[in-house]
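Heads up, the thing below is written out as structure tokens.
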Amino acid sequence: MEIIEKAPAKINLGLDVLYKRDDGYHELEMVMSSIDLADHLTFRTLEKDEIIIETDNSFLPLDERNHIYQAAMLLKRECSITKGVHVQMQKRIPVAAGMAGGSSDAAATLRGLNRLWKLKLSLEELAELGEKVGSDVPYCIYGNTAYVRGKGEKIEFLPKVPQCWVVLVKPRLSVSTGTVFHNLKLEQLVHPDIQGIKESIKQQNFKKMVSSLGNSLEAVTVQNYPIVGFLKEKMQQFGADVAVMSGSGPTVFALCEKRSRAQRVCNGLKGFCEEVYLIRTLNK
Ligand SMILES: C[C@@](CO)(OP(=O)(O)O)[C@H](O)COP(=O)(O)OP(=O)(O)OC[C@H]1O[C@@H](n2ccc(N)nc2=O)[C@H](O)[C@@H]1O
Ligand SMILES: Nc1ncnc2c1ncn2[C@@H]1O[C@H](COP(=O)(O)OP(=O)(O)O)[C@@H](O)[C@H]1O
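Written out as structure tokens, the structure reads:
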């Protein structure tokens, strides 16, 4: 039997850093939304007790450093599964981009193997397990639009984002999430209006939503990689309703109510960057 799972990328419509916790992590308050750009994973049981990952991306590690491997190993241990699994992944989400590609793959692995091996774990149980693989995995178990707090484990579902187009631009550089958090100065952070984003989504008010979006980590990443600020400015000049960095970066996304406007932003950005995508938000 073969099981197929889609692993969608996320964008952070809002990301606020509240304080540094005793465990060294930072307490976050975020609004996340899934977008229509996804990795595709296919799972097949192996009689031999091994985890084999194949992918069309030649830069990813395929051993225990891969989030898919970690999620599969965790579930095998938790449920005492002695069979193995073969995972085939088509990688579409840019890597180390602030779009939770690895976390979404881990979440898809937990959902996929739960079905393949008929384990009957609830999504809540999978989310709790996923926390051990990465902070964004619990959210990625559910996807869609959500208000997320803590390190990423406290999740409140929101209605779908008002209909709009998303342009993504990923400069050719990788950002280390750890370094971004290490470099931030709490007293200098800008705090976006997370409650305003939540309310505007509940009211389906696009204009109010775009005026509230923001990311506390943006200034930290822009300081080290000025190209991120440059691309954001370009998106605004080409007519984006709003442009914000996602996660710890370096991807910047623009939201546009009109498709024609999004197309203009997309065409304009192609002159500066190879990786530019025009997509929609994703809501089941
Ligand atoms: C910032 C976010 C927001 O969605 O997204 P991405 O940029 O990764 O997409 C995530 O919380 C990223 O979560 P995750 O990708 O699991 O982070 P990790 O690799 O565990 O973080 C690497 C390091 O960053 C620091 N870190 C991370 C998350 C957090 N809430 N506080 C922290 O201080 C810690 O020092 C940690 O050791
Ligand atoms: N399945 C995976 N997909 C992407 N990256 C992975 C995966 N497994 C492990 N990684 C590693 O995780 C790191 C972060 O990648 P990714 O999850 O794409 O970034 P981000 O958290 O910024 O969205 C990369 O250094 C990458 O090598």
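Here the sequence shown is numbered in the UniProt record's numbering, starting from 1 and rising by one per residue.
Cβ coordinates follow ideal geometry from the N, Cα and C atoms, glycine included.
Straight-line spacing of the CA atoms in Ser34 and Val276 works out to 17 Å. With a threshold of 8 Å, the Cβ atom of Thr177 counts as near ligand 2, since some heavy atom of the ligand is closer than that. Sixteen is the threshold: when 16 or more other Cβ atoms of the shown chains lie within 10 Å of the Cβ of Asp136, as they do, the residue is buried. Residue pairing for Ala7: DSSP places it in a beta bridge opposite Asp39. Three or more pairs of CB atoms, one per stretch, sit closer than 8 Å, so the region 102-120 contacts the region 61-70. Here the alpha carbon of Phe230 sits roughly 30 Å from the alpha carbon of Gly143. Fully contained in the region 16-97 are the following beta strand (DSSP E) runs of length 3 or more, in chain order: 26-46, 51-55, 84-90. Taking all protein chains in view, the Cβ of Ile4 is surrounded by fewer than 16 other Cβ atoms within 10 Å, so the residue is classified as exposed.
A distance below 9 Å separates the beta carbons of Gly214 and Gly14.
Exposed is the label assigned to Asn267, since fewer than 16 other Cβ atoms lie within 10 Å of its Cβ.
Lys76 and Leu119 have their C-alpha atoms some 10 Å from each other.
Assignment of beta-bridge partners to Lys170 by DSSP yields Glu275.
Nearest neighbour of Gly84 by Cα position, chosen from Ala96, Lys91, Thr177, Leu113, turns out to be Leu113. Placement of the Cβ of Gly102 at a distance of less than 8 Å from at least one heavy atom of ligand 2 is found. Relative to the non-hydrogen atoms of ligand 1, the Cβ of His26 comes within a distance shorter than 8 Å of at least one. Across the set Ala9, Leu41, Glu124, the C-alpha of Leu41 shows the shortest separation from the C-alpha of His86. Placement of the Cβ of His191 at a distance of 8 Å or more from every heavy atom of ligand 1 is found. Selection Asn57, Leu62, Asp39, Asp56 evaluated against Glu50 yields Leu62 as nearest (Cα-Cα). One Cα belongs to Trp165, the other to Asp39, and the distance between them is close to 20 Å. Our two residues, Asn205 and Cys273, have alpha carbons roughly 31 Å apart in a direct line.
At a cut-off of 3 residues, not a single continuous stretch assigned as beta strand (DSSP E) sits fully inside the region 204-234. Taking Pro192 as the centre and dropping the five residues before and after it, the same chain places the C-beta of Gly14, Asp16, Gly214 closer than 6 Å to its C-beta, in chain order. According to the DSSP assignment, Thr109 belongs to the alpha helix (DSSP H) that extends over 101-116.
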